[in-house]
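A.B. asks: In the order they appear, the protein sequences are chains R and Y. Number 52 in our numbering belongs to position 52 of the first sequence; there are no gaps in the numbering. Number 157 in our numbering belongs to position 157 of the second sequence; there are no gaps in the numbering. Positions of the beta carbon are idealized from the N, C-alpha and C atoms, including for glycine. Note that the structure is predicted; figures quoted are calculated from it, not measured. I have a structure I would like to understand better, so I am pasting it below and will then ask my questions one at a time.
Protein chains: 2
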Amino acid sequence: MKVLIVDDEEMIRAVLREYIEFEGGEAEEAQDGMEAVKKCRETDYDVILMDVMMPRLDGFSAVKEIRKFKQMPVIMLSARGEEYDKLFGFEIGSDDYVTKPFSPKEVMARIHAVMKRAAASAKPVKDVYEFEGLKVDMVGRNVYVDGERAELTPKEYELLFYFIENEGVALTRERLLNQVWGYDFYGDDRTVDTHVKMLRGNLKEYRKFIVTLRGLGYKFET
Amino acid sequence: MKVLIVDDEEMIRAVLREYIEFEGGEAEEAQDGMEAVKKCRETDYDVILMDVMMPRLDGFSAVKEIRKFKQMPVIMLSARGEEYDKLFGFEIGSDDYVTKPFSPKEVMARIHAVMKRAAASAKPVKDVYEFEGLKVDMVGRNVYVDGERAELTPKEYELLFYFIENEGVALTRERLLNQVWGYDFYGDDRTVDTHVKMLRGNLKEYRKFIVTLRGLGYKFET
DNA sequence: TAATATTTTTCACAGAAAATTCACTGGGCT
DNA sequence: AGCCCAGTGAATTTTCTGTGAAAAATATTA
Numbered sequence: 001m002k003v004l005i006v007d008d009e010e011m012i013r014a015v016l017r018e019y020i021e022f023e024g025g026e027a028e029e030a031q032d033g034m035e036a037v038k039k040c041r042e043t044d045y046d047v048i049l050m051d052v053m054m055p056r057l058d059g060f061s062a063v064k065e066i067r068k069f070k071q072m073p074v075i076m077l078s079a080r081g082e083e084y085d086k087l088f089g090f091e092i093g094s095d096d097y098v099t100k101p102f103s104p105k106e107v108m109a110r111i112h113a114v115m116k117r118a119a120a121s122a123k124p125v126k127d128v129y130e131f132e133g134l135k136v137d138m139v140g141r142n143v144y145v146d147g148e149r150a151e152l153t154p155k156e157y158e159l160l161f162y163f164i165e166n167e168g169v170a171l172t173r174e175r176l177l178n179q180v181w182g183y184d185f186y187g188d189d190r191t192v193d194t195h196v197k198m199l200r201g202n203l204k205e206y207r208k209f210i211v212t213l214r215g216l217g218y219k220f221e222t
Numbered sequence: 001m002k003v004l005i006v007d008d009e010e011m012i013r014a015v016l017r018e019y020i021e022f023e024g025g026e027a028e029e030a031q032d033g034m035e036a037v038k039k040c041r042e043t044d045y046d047v048i049l050m051d052v053m054m055p056r057l058d059g060f061s062a063v064k065e066i067r068k069f070k071q072m073p074v075i076m077l078s079a080r081g082e083e084y085d086k087l088f089g090f091e092i093g094s095d096d097y098v099t100k101p102f103s104p105k106e107v108m109a110r111i112h113a114v115m116k117r118a119a120a121s122a123k124p125v126k127d128v129y130e131f132e133g134l135k136v137d138m139v140g141r142n143v144y145v146d147g148e149r150a151e152l153t154p155k156e157y158e159l160l161f162y163f164i165e166n167e168g169v170a171l172t173r174e175r176l177l178n179q180v181w182g183y184d185f186y187g188d189d190r191t192v193d194t195h196v197k198m199l200r201g202n203l204k205e206y207r208k209f210i211v212t213l214r215g216l217g218y219k220f221e222t
């Protein structure tokens with residue numbers, strides 16, 4: 001387990017490092033966002049603990065920057081009351097957050113949760129899925145409805161692929177917008193609905209797989 | 001089992017201590033909130049018994065203070081009729097309460113309940129819960145009653161999930177409104193009742209898990 | 001480059017579903 | 001017995017989704 005601790009406070013870094021190493025993990029430190037980005041370019045970490053307020057480059061900007069070239073789980077460390085930051089942190093794709101003051105125990109619990117999640121999602125991804133008469137070729141970007149090729153637009157492909165990758169998981173519109181459209185999309189919720197409508201139309205009878213979860217969003221379920 | 005008893009009355013402390021030690025537990029005492037906070041800084045307790053009315057620093061303020069740096073289960077000891085205090089105590093995160101005059105037996109029961117809960121919540125949050133024939137899939141948003149899928153409305157899901165996340169914790173209507181409906185909800189208390197009714201109806205025989213606490217609210221208990 | 005085609009997004013509206021209110025009933029507790 | 005308080009059913013109000021059409025953005029072609 002390799003963890004990157006990003007915080008400008010020496011003390012916090014030291015405490016976290018101690019806990020991580022006590023559990024047999026490996027810890028590296030960065031004093032600010034700039035250094036964090038640099039280290040991430042060179043090394044792969046299992047999880048990054050990222051403070052929000054830092055000199056030079058703040059936590060959010062750093063995560064944004066890192067996300068451009070690498071996908072690694074991030075846990076944000078935000079001072080209490082930074083509500084706005086908290087939300088924003090999620091939007092840019094951090095996996096969790098802890099508010100200061102935090103107990104090291106709490107942080108370790110988050111780390112374990114994130115690692116476990118990562119391990120779970122490392123399940124072999126199939127290239128071709130078949131749900132009854134619906135065949136989806138993830139690599140070739142082809143979808144067949146009862147053997148006949150369905151002409152989907154790019155967004156429809158992406159949406160369908162995301163649904164399939166998260167089969168059985170309840171997805172909010174917000175999450176779909178974040179994951180399929182990207183964190184920097186600031187558009188209407190209805191956009192999702194419209195694309196779901198189009199996708200359903202193209203899936204013909206297999207529209208049934210996309211279930212509406214009233215008050216929440218959608219779910220792909222066979 | 002390490003317990004901190006916080007009360008300004010010598011007699012009460014002595015009685016509680018006796019019971020705790022009789023059951024093989026370890027007890028420490030504090031005469032007021034100030035002392036309690038100080039002791040909590042130095043030592044980790046499994047549970048804190050905290051009186052409300054005390055000189056120097058009252059119980060609520062003390063809990064608030066302690067919460068700032070440590071997370072420990074608290075059972076409030078409030079004089080009967082201190083209704084307001086009771087509610088407030090829940091909001092600041094005490095785990096249970098006992099009204100004076102109480103039987104030591106009652107207090108011990110609460111302690112055991114709290115300890116059991118703490119042991120249970122130490123494990124990572126589950127995705128799927130099973131209580132007898134009631135299966136709740138938090139991720140997929142599915143609820144099965146004896147294997148059959150229950151169709152819940154959004155509020156019913158949220159309410160059930162909140163109940164489950166707070167298994168064994170007494171929840172006031174106010175707290176439910178705040179947490180499930182949102183802090184900006186200014187509605188009737190009866191609203192909770194109605195949704196509990198609907199939820200119970202959908203849970204069929206497992207309605208029994210949602211216990212009515214007369215004069216207070218509800219509790220999810222298996 | 002301009003014109004055209006395709007895709008994406010916005011938006012308003014209708015119908016459906018759900019939430020809320022509220023008066024009344026009945027049970028538990030003193 | 002009387003007083004609260006929770007349970008309940010139904011009416012009312014609010015919210016939500018599906019949809020179609022138009023506008024905007026993007027890609028393609030001449």
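Measuring alpha carbon to alpha carbon, tell me which of Y:GLU151, Y:GLY133 and Y:GLU132 ends up nearest ARG141 of chain Y.
C.D. replies: For the residues Y:GLU151, Y:GLY133 and Y:GLU132, the minimum Cα distance to ARG141 of chain Y belongs to Y:GLU151.
A.B. asks: I think ASP127 of chain Y touches MET138 of chain Y, with their Cβ atoms under 8 Å apart; what is that distance to the nearest whole Å?
C.D. replies: Yes, they are in contact, since the Cβ atoms of ASP127 of chain Y and MET138 of chain Y sit about 5 Å apart, within 8 Å.
A.B. asks: Which residues does DSSP list as the beta-bridge partners of ASN142 of chain Y?
C.D. replies: The partner list for ASN142 of chain Y (beta bridge, DSSP) reads Y:ASP137.
A.B. asks: DSSP beta-bridge partners for ALA30 of chain R?
C.D. replies: Its beta-bridge partners are R:VAL6.
A.B. asks: Decide yes or no for the touch test of the region 6-21 of chain Y against the region 193-208 of chain R: beta carbon pairs closer than 8 Å, at least 3 of them.
C.D. replies: Touching, no.
A.B. asks: Would you tell me roughly how many angstroms separate the C-alpha atoms of ALA36 of chain R and ASP51 of chain R, rounded to the nearest one?
C.D. replies: For ALA36 of chain R and ASP51 of chain R, the distance between alpha carbons rounds to 11 Å.
A.B. asks: Comparing alpha-carbon positions, which option in R:TYR162, R:GLU158 and R:GLY133 lies nearest GLU148 of chain R?
C.D. replies: Checking every option, the nearest Cα to that of GLU148 of chain R belongs to R:GLY133.
A.B. asks: Nearest by alpha-carbon distance to ILE20 of chain Y: which of Y:VAL145, Y:ASP32, Y:LYS2 and Y:GLY33 is it?
C.D. replies: Selected option, being the one with the closest Cα: Y:LYS2.
A.B. asks: At 8 Å on the CB atoms, spell out the chain Y contacts of ARG214 of chain R, in chain order.
C.D. replies: Correct list: THR153 and PRO154.
A.B. asks: Considering only the alpha carbon of each residue, which of Y:TYR183, Y:GLY168, Y:GLY182 and Y:PHE185 lies closest to PHE220 of chain Y?
C.D. replies: With distances taken between Cα atoms, PHE220 of chain Y lies closest to Y:GLY168.
A.B. asks: At what residues does the alpha helix (DSSP H) containing LEU176 of chain Y begin and finish?
C.D. replies: Element bounds for LEU176 of chain Y: 173-176.
A.B. asks: The beta strand (DSSP E) with PHE163 of chain Y in it runs from where to where?
C.D. replies: Premise fails: PHE163 of chain Y lies in the alpha helix (DSSP H), 154-165, not in any beta strand (DSSP E).
A.B. asks: Taking 6 Å as the limit between beta carbons, can you name the residues of its chain near ARG207 of chain Y, skipping five residues before and five after?
C.D. replies: Cβ within range, chain order: ARG200.
A.B. asks: The region 130-141 of chain Y: which residues have C-beta closer than 7 Å to a C-beta of chain R, in chain order?
C.D. replies: Residues VAL139, GLY140 and ARG141.
A.B. asks: At what residue ranges does the region 13-69 of chain Y contain a whole run of the alpha helix (DSSP H), taking only runs of 4 or more?
C.D. replies: Taking only runs of at least 4 residues, the alpha helix (DSSP H) segments lying wholly in the region 13-69 of chain Y are 33-42 and 59-67.
A.B. asks: Among R:ALA14, R:GLN31 and R:ASP46, whose alpha-carbon lies nearest the alpha-carbon of ALA113 of chain R?
C.D. replies: The shortest Cα separation from ALA113 of chain R among R:ALA14, R:GLN31 and R:ASP46 belongs to R:ASP46.
A.B. asks: Using CA coordinates, which residue listed in Y:ASP146, Y:LEU49 and Y:GLU156 is at the minimum distance from ALA109 of chain Y?
C.D. replies: Closest option to ALA109 of chain Y, Cα to Cα, is Y:LEU49.
A.B. asks: What's the gap between the Cα of MET76 of chain R and the Cα of GLY59 of chain R?
C.D. replies: Cα to Cα, MET76 of chain R sits roughly 8 Å from GLY59 of chain R.
A.B. asks: Mind pulling the chain Y residues with CB within less than 8 Å of VAL169 of chain R?
C.D. replies: Per Cβ cutoff of 8 Å: VAL139 and GLY140.
A.B. asks: Between which two residues does the alpha helix (DSSP H) harbouring LEU192 of chain Y extend?
C.D. replies: According to the sequence shown, residue 192 of chain Y is Val rather than Leu. That run of the alpha helix (DSSP H) goes 190-203.
A.B. asks: Report the rounded CA-to-CA distance for GLU158 of chain R versus ILE164 of chain R, giving the unit in angstroms.
C.D. replies: Approximately 10 Å, taken between the alpha carbons.
A.B. asks: Taking Cβ-Cβ distances below 8 Å as the criterion, which residues of the region 187-219 of chain R are in contact with chain Y?
C.D. replies: So the list reads LEU213, ARG214, GLY215, LEU216 and LYS219, given in the order they occur along the chain.
A.B. asks: Between GLN31 of chain R and GLY182 of chain R, what straight-line distance do the alpha-carbon atoms span, to the nearest angstrom?
C.D. replies: Cα to Cα, GLN31 of chain R sits roughly 28 Å from GLY182 of chain R.
A.B. asks: Would a C-beta distance cut-off of 9 Å place PHE131 of chain R and THR222 of chain R closer than the cut-off?
C.D. replies: Yes, these two residues count as a Cβ contact at 9 Å.
A.B. asks: Could you tell me whether any Cβ in chain R is nearer than 9 Å to the Cβ of TYR224 of chain Y?
C.D. replies: Here chain Y has residues from 1 to 222 only, and residue 224 of chain Y is not among them.
A.B. asks: Beta-carbon within less than 7 Å of THR153 of chain R's beta-carbon, same chain only, minus the 5 sequence neighbours each way: which residues are those?
C.D. replies: Same-chain partners within the cutoff: there are none.
A.B. asks: Have a look at GLY187 of chain R and THR172 of chain R and give me their C-alpha separation to the nearest angstrom.
C.D. replies: Answer to the nearest angstrom: the Cα atoms are 15 Å apart.
A.B. asks: Using the C-alpha atoms, what's the distance from LEU57 of chain Y back to GLU83 of chain Y?
C.D. replies: Since pLDDT at GLU83 of chain Y reaches only 45, below the 50 mark, its modelled position is unreliable, and no value is offered.
A.B. asks: Would you check if the distance between the CB atom of ASN202 of chain R and the CB atom of GLU156 of chain R is smaller than 9 Å?
C.D. replies: For ASN202 of chain R and GLU156 of chain R, yes; Cβs fall inside 9 Å.
A.B. asks: For LEU213 of chain Y, which residues of its own chain have a beta-carbon under 6 Å away from its beta-carbon, when the five flanking residues on both sides are left out?
C.D. replies: Excluding sequence neighbours, LEU213 of chain Y sits near ALA170 and LYS219.
A.B. asks: CB LEU4 of chain R to CB GLU29 of chain R, shorter than 9 Å?
C.D. replies: In contact: LEU4 of chain R and GLU29 of chain R (Cβ atoms closer than 9 Å).
A.B. asks: Rounded to whole angstroms, what is the Cα-Cα separation between VAL63 of chain Y and ARG67 of chain R?
C.D. replies: Roughly 40 Å separates the two Cα atoms.
A.B. asks: Identify which residue in R:PRO55, R:MET53 and R:ARG41 has its Cα closest to the Cα of GLY71 of chain R.
C.D. replies: According to the sequence as given, residue 71 of chain R is Gln; it is not Gly. Among R:PRO55, R:MET53 and R:ARG41, the Cα nearest to that of GLN71 of chain R belongs to R:ARG41.
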